[in-house]
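Top line first, the protein sequences correspond to chains A and B. Note that the first sequence covers residues 5 to 323 in our numbering. Note that the second sequence covers residues 5 to 323 in our numbering.
There are 2 protein chains.
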Amino acid sequence: MTGHVPLAPEFALIARHFRPLAGQGGLDLTDDAALLTPPPGHELVLAADAMVAGVHFLPDDPPQTIGRKLLRVNLSDLAAMGADPLAYLMTVALPSGTPDAWVAGFVAGLALDQVEFGLQVLGGDTVSTPGPLTLSLTILGTVLPGRALRRGGARPGDELWVSGTIGDGYLGLRAARGEIADPDGYLAARYRLPQPRLALGRALRGVATACMDVSDGLVQDLGHLCRASGCGAVVEGALVPLSPPARGAEPSLLFTGGDDYELLFAAPPGAVPPGLTNPGPDGMAITRIGHFTQASLDVVVLDRTGQPMALSHRGWSHF
Amino acid sequence: MTGHVPLAPEFALIARHFRPLAGQGGLDLTDDAALLTPPPGHELVLAADAMVAGVHFLPDDPPQTIGRKLLRVNLSDLAAMGADPLAYLMTVALPSGTPDAWVAGFVAGLALDQVEFGLQVLGGDTVSTPGPLTLSLTILGTVLPGRALRRGGARPGDELWVSGTIGDGYLGLRAARGEIADPDGYLAARYRLPQPRLALGRALRGVATACMDVSDGLVQDLGHLCRASGCGAVVEGALVPLSPPARGAEPSLLFTGGDDYELLFAAPPGAVPPGLTNPGPDGMAITRIGHFTQASLDVVVLDRTGQPMALSHRGWSHF
C-alpha cells in the first residue's frame, strides 16, 4: 500500500498553484498533453522565448512581474506578426528551496495577464534546478492566412516607423539596479512589465510592409529587418522618440539597449493612416524615424548634425 | 555606420547551427514567430517539458543524445495521448563557454530525430546561463477530434497493461553513472534515448479506456491515472515485465524509478487485440500486469507471495 505516502512536492505544488490557471484545453493539467481545437480558417503563429534570473531579469524583481515579463515578451512577438493571442505553455526551473509565497506571487502575476490578454495556459512543466530560476514560454496566436506581418517586405523608399519610446528598457534595467534615479518608478516598470503592442500590430496588417519588435536594441534589430528585406536604412537620430527621463541620456546607449519591446516597421510613404498616430491604438504614439535604402548602404544612424553616429556595438545580446 | 561590427554571438550561433534544422513554417527562424497551418479537421495536442543538466541527464552525456532525450520525452507524451507528431519549439539556456563542437553535436542529434519522427522545428530561443544547461521543449501533435487517449477513463474491472520493460530507466541512470555493470550499454541507452511508443499509442485509440506514459515511476504514475479515473488498482509484481539485466534488481526500486517512458494503459477484459502483443507495433511486447479496482482500495502492489509490497516512496520526482 502506498496510500499514506504524500504526493511528491512537484505535484502538490502544481496542483496548488498552477492548476487554477489552466483553461479547459489544458485538461486541468492532469493529462500528458493538452488538446486545442485550432480556430478554423486561421494560421497559427508560434514563438518561444527563455529567460534566466540575473541575465534577463533581476533575481530580486517582484515575483508578480517575472512571469508576466516573459509572457509579454512572447506577446510582443505575436504583436510583431500582427497576430491575436490564443494560449501558452510554460516551463519553470525553480531553484531548490524557493519559498511557497514566491510561487504564489509568480502565479498571481500570470493570472492577471491571462485575463488582460485573453490567454489560457495549456500546459507546462515544473522542475528543480541547482542554478538560477529559468523560465521558458511558448506562445500561440492566430492570424488569417497571408495576413501575418513579416520581416522581409521592406523596400527602398519605405518609411521607417517605431512605436512608443526607445531606450526605456535600458534605463529601466539601470533604475531597477539602483544605478540611476527613477523617482516615480516609470523606468523600472518599463523594464519589468513591457507593453506588447498587440492593437498596433493588428492595425498594421495590410499597412506595414515589414515589422518586428525591438527586443535587443533598435540598431541591431533594424539590421535584422534590413537583412531579411534586402535593404539598408537611415535612422535620423533626432527623430527617435524618447521618454522625458531618457532625454538627457547618451543616444548611442538608448539606441543599442535592449528590452524596449516596441514595434519597428516599414510602410510606403503615406500608407500609415493618421488615426494610428498621436496616440495610436495602444495608447502611445508612433513616430517616423527614417527610411529604407539600398542594401549596400547598410544601417546608418545620423546624429543631430547629420553625421553618422559612432556605435560601439549594434545592440544587446543575452547570449 | 555599424556595418563592420560583427553579429552578436547568439545570432551567429543560431544561424550556423539551428537554422538548417528549421522547416518552412519556421520561416528559417528569421521572423519573430513561426506560421503553421493546422491540419484541417484535427485537434492539436500540446505538451511542454524541461530538463536540467545534473537533474534530468548527466552533464557529461553525449551532446548527440541530450536534445534527443528531451524531444523523445515530449514525443512520449504524444504517444500517451494517441497523437501523431507534427512540430516542436525548443529553448536552450547554454552555460557560457560551451564549446562550438558541443552545440554542433547537440544539433546533429536533433536532426536525426527530426527525420526519424517526421518533425519540423518551428522556432526557439538560445540564451546564456551562469547555471547548468537547461532545455525546454514544446511539442505539437495532431489527433482526430474525440480520439485522444486520456487518463480519466479507467473503470473497476479494466485490465492494467504496460509496454516494454519497467525499471531500465532507473538502472540506466545508475549504469551511466558507473555505479553498476552494463557490458553492452543497453541500460545506459535506455536512460539516454527513450523510445516513444507512438505506434502503440495510435493502435490504442478506441481500445484503451485510459493511458499515460511512465516517466516518474510505475507506482506514482499509476496513482495519477487512478486519481484521474476515480479508481484503485492492483499490480501483480510478478507480472511486471523486466529486461534481462533488471531481473536481479530489487523490484521496489524498479517499480518506483523514473525515466522508463513506457505506456501504461487500461482496457476492458478482452479488448486488447492479440496483434498488439508479442511484439507490438513498436517492436516490443505489451504485458497485462494487474487490474483496476474501486477507488477506496488505492494502488496496491503485490509481491510474489501475494502480499502488499512495502514501498518507501511512490516514484521519482525531479522537483
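For each residue, glycine too, the CB sits at the ideal point set by N, CA and C. Just so you know, these numbers come straight off a predicted model, no measurement behind them.
>> If we define contact as Cβ-Cβ less than 7 Å, is B/Val56 a contact residue for chain A?
In response: What you label residue 56 of chain B is simply residue 52 of the second sequence in a count that begins at 1. Yes, B/Val56 counts as interfacial toward chain A.
>> By the 7 Å beta-carbon criterion, what residues does the segment 241-268 of chain B contribute toward chain A?
In response: Close to chain A, meaning a Cβ-Cβ distance shorter than 7 Å, is no residue of the segment 241-268 of chain B at all.
> If you measure beta-carbon to beta-carbon, which residues of the segment 113-142 of chain B are closer than 8 Å to chain A?
Replying inline: Leu126, Gly127, Gly128, Asp129, Thr130, Val131, Ser132, Thr133, Pro134, Gly135, Pro136, Thr138, Ser140, Thr142
> Taking buried to mean at least 16 other C-beta atoms within 10 Å of its own C-beta, is A/Pro200 buried or exposed?
Replying inline: In the first sequence, counting from the first residue as 1, residue 200 of chain A sits at position 196. A/Pro200 comes out buried.
>> Could you check whether B/Gly227 and B/Gly261 sit closer than 7 Å to each other, using their CB atoms as the reference points?
In response: Here the question's residue 261 of chain B lines up with position 257 in the second sequence. Here the question's residue 227 of chain B lines up with position 223 in the second sequence. The criterion of a C-beta distance shorter than 7 Å is not satisfied by B/Gly261 and B/Gly227.
> Roughly how many angstroms separate the alpha carbons of B/Leu40 and A/Asp53, rounded to a whole number?
Replying inline: To locate residue 40 of chain B, count along the second sequence from 1; it is residue 36. To locate residue 53 of chain A, count along the first sequence from 1; it is residue 49. Spanning the two alpha carbons is a distance of roughly 18 Å.
> Would you say A/Leu48 faces chain B, with C-beta separation under 7 Å as the test?
Replying inline: The residue you call residue 48 of chain A lines up with position 44 of the first sequence. With 7 Å as the cut-off, A/Leu48 counts as an interface residue toward chain B.
>> DSSP three-state label for A/Leu191, please.
In response: Locating residue 191 of chain A in the first sequence gives position 187, counting from the first residue. Three-state result, A/Leu191: helix.
> Any contact of the segment 112-122 of chain A with the segment 63-75 of chain A, i.e. 3+ C-beta pairs under 8 Å?
Replying inline: yes
>> Please list, in chain order, the chain A residues whose beta carbon lies closer than 8 Å to that of B/Asp53.
In response: Counting from one through the second sequence, the residue named residue 53 of chain B turns up at place 49. Within chain A, the residues whose beta carbon sits less than 8 Å from that of B/Asp53 are Thr95, Asp129, listed in sequence order.
> What residues are listed by DSSP as bridge partners for A/Gln311?
Replying inline: The sequence position of residue 311 of chain A within the first sequence is 307, counting from 1. According to DSSP, which records beta bridges pairwise, A/Gln311 is partnered with nothing at all.
>> What residue range does the alpha helix (DSSP H) around A/Tyr174 cover?
In response: Reading the first sequence from its first residue, position 170 is the one you call residue 174 of chain A. First-last of the alpha helix (DSSP H) with A/Tyr174: 172-180.
> Should A/Asp81 and B/Ala37 be called a contact, given that it needs their Cβ atoms to be closer than 7 Å?
Replying inline: As a working note, residue 81 of chain A is residue 77 in the first sequence. As a working note, residue 37 of chain B is residue 33 in the second sequence. Result yes, Cβ atoms of A/Asp81 and B/Ala37 sit closer than 7 Å.
>> Rounding to the nearest angstrom, what Cα-Cα distance links A/Leu93 and B/Pro134 in this structure?
In response: To locate residue 93 of chain A, count along the first sequence from 1; it is residue 89. To locate residue 134 of chain B, count along the second sequence from 1; it is residue 130. When rounded, the distance between both Cα atoms is 24 Å.
>> Could you give the first and the last residue of the continuous beta strand (DSSP E) run that contains A/Phe296?
In response: Here residue 296 of chain A refers to the residue found at position 292 of the first sequence. Taken as a continuous stretch (DSSP letters only), the beta strand (DSSP E) holding A/Phe296 covers 290-298.
> Exposed or buried, which one is B/Pro277 when buried takes at least 16 other CB atoms within 10 Å?
Replying inline: In the second sequence, counting from the first residue as 1, residue 277 of chain B sits at position 273. Exposed: under 16 other Cβ atoms inside 10 Å.
> Roughly how many angstroms lie between the CA atoms of A/Asp186 and A/Ile290, to the nearest whole one?
Replying inline: Sequence index remark: in the first sequence, residue 186 of chain A carries index 182 (1-based). Sequence index remark: in the first sequence, residue 290 of chain A carries index 286 (1-based). When rounded, the distance between both Cα atoms is 24 Å.
>> Measuring straight from C-alpha to C-alpha, what distance separates A/Thr309 and A/Ala242?
In response: For this step, residue 309 of chain A is matched to residue 305 along the first sequence. For this step, residue 242 of chain A is matched to residue 238 along the first sequence. Going from the Cα of A/Thr309 to the Cα of A/Ala242 covers about 9 Å.
>> Under 7 Å, Cβ to Cβ, is there at least one residue of chain A near B/Asp65?
In response: As a working mapping, residue 65 of chain B is identified with position 61 in the second sequence. Taking Cβ atoms only, chain A never reaches closer than 7 Å to B/Asp65, which makes this a no.
> Of all the options B/Pro248, B/Gly252, B/Glu240, B/Ala214, which has the alpha carbon lying nearest to the alpha carbon of B/Gly234?
Replying inline: Against the second sequence, residue 234 of chain B aligns to sequence position 230. Comparing Cα positions, the closest option is B/Ala214.
> Could you check where the beta strand (DSSP E) with A/Thr69 kicks off and where it finishes?
Replying inline: Here residue 69 of chain A is taken as the residue at index 65 of the first sequence, counted from 1. It is not in any beta strand (DSSP E) - A/Thr69 instead sits in the alpha helix (DSSP H) that spans 67-84.
>> Since B/Arg194 and B/Gly173 should fall inside the 8 Å C-beta cutoff, what is the C-beta to C-beta distance between them, to a whole number of angstroms?
In response: Here residue 194 of chain B refers to the residue found at position 190 of the second sequence. Here residue 173 of chain B refers to the residue found at position 169 of the second sequence. Yes, they are in contact, since the Cβ atoms of B/Arg194 and B/Gly173 sit about 6 Å apart, within 8 Å.
> In chain A, which residues lie less than 8 Å from B/Asp104 when you measure between Cβ atoms?
Replying inline: Against the second sequence, residue 104 of chain B aligns to sequence position 100. Simply none; closest approach about 13 Å.
> Residue range of the beta strand (DSSP E) that A/Phe269 falls in?
Replying inline: As a working note, residue 269 of chain A is residue 265 in the first sequence. Start and end: 266-271.
>> Tell me the residue span of the beta strand (DSSP E) that contains A/Glu240.
In response: As a working note, residue 240 of chain A is residue 236 in the first sequence. For A/Glu240, the enclosing beta strand (DSSP E) begins and ends at 235-240.
> Would you say B/Met288 faces chain A, with C-beta separation under 7 Å as the test?
Replying inline: If you number the second sequence from 1, residue 288 of chain B lands on position 284. By this cut-off, B/Met288 is not an interface position.
>> Assuming the contact rule is C-beta atoms closer than 8 Å, B/Met85 and B/Leu139 should be a hit. Round their C-beta distance to whole Å, please.
In response: Indexing the second sequence from 1 puts residue 85 of chain B at position 81. Indexing the second sequence from 1 puts residue 139 of chain B at position 135. Contact between B/Met85 and B/Leu139 does not hold, since the beta-carbon distance rounds to 22 Å and is not under 8 Å.
> Can you tell me whether B/Ala105 is buried or exposed, with buried defined as 16 or more other CB within 10 angstroms of its CB?
Replying inline: Position 101 of the second sequence, counted from the start, is the residue given in the question as residue 105 of chain B. Burial call: exposed.
> Taking all protein chains shown into account, do 16 or more other C-beta atoms lie within 10 angstroms of the C-beta of B/Gln68, making it buried, or fewer, making it exposed?
Replying inline: As a working mapping, residue 68 of chain B is identified with position 64 in the second sequence. Buried, since its Cβ has 16 or more Cβ neighbours within 10 Å.
> So, helix, strand or coil for B/Leu301, using DSSP?
Replying inline: Counted from its first residue, the second sequence places residue 301 of chain B at position 297. Three-state result, B/Leu301: helix.
> Taking buried to mean at least 16 other C-beta atoms within 10 Å of its own C-beta, is B/Gly176 buried or exposed?
Replying inline: For the purposes of this step, residue 176 of chain B is identified with residue 172 of the second sequence, where counting begins at 1. With 16 or more other Cβ atoms within 10 Å, it is buried.
>> Check for me: the alpha helix (DSSP H) holding A/Ala38 runs from which residue to which?
In response: Working through the first sequence from its first residue, we reach residue 38 of chain A at position 34. From DSSP, A/Ala38 is part of no alpha helix (DSSP H) but of the beta strand (DSSP E) over 38-40.
> Among A/Val239, A/Asp302, A/Gly127, A/Val131, which one has its Cα closest to the Cα of A/Val96?
Replying inline: For the purposes of this step, residue 96 of chain A is taken as residue 92 along the first sequence, with counting starting at 1. Minimum Cα distance to A/Val96 is reached at A/Val131.
> Taking the alpha carbon of A/Asp35 as the point to measure from, which residue in B/Asp129, B/Gln298, B/Cys230 has its own alpha carbon closest?
Replying inline: For the purposes of this step, residue 35 of chain A is taken as the residue at position 31 of the first sequence. Closest by alpha carbon: B/Cys230.
> If you follow the beta strand (DSSP E) that B/Glu163 is part of, which residue opens it and which one closes it?
Replying inline: On the second sequence, position 159 is the one that residue 163 of chain B refers to. It spans 163-167 - the beta strand (DSSP E) in which B/Glu163 sits, taken as one unbroken run.
> In its own chain, which residues sit with a C-beta less than 6 Å from the C-beta of B/Pro255, not counting the 5 before and 5 after it?
Replying inline: Numbered from 1 along the second sequence, position 251 holds the residue referred to as residue 255 of chain B. Taken in chain order, the residues that qualify are Gly241.
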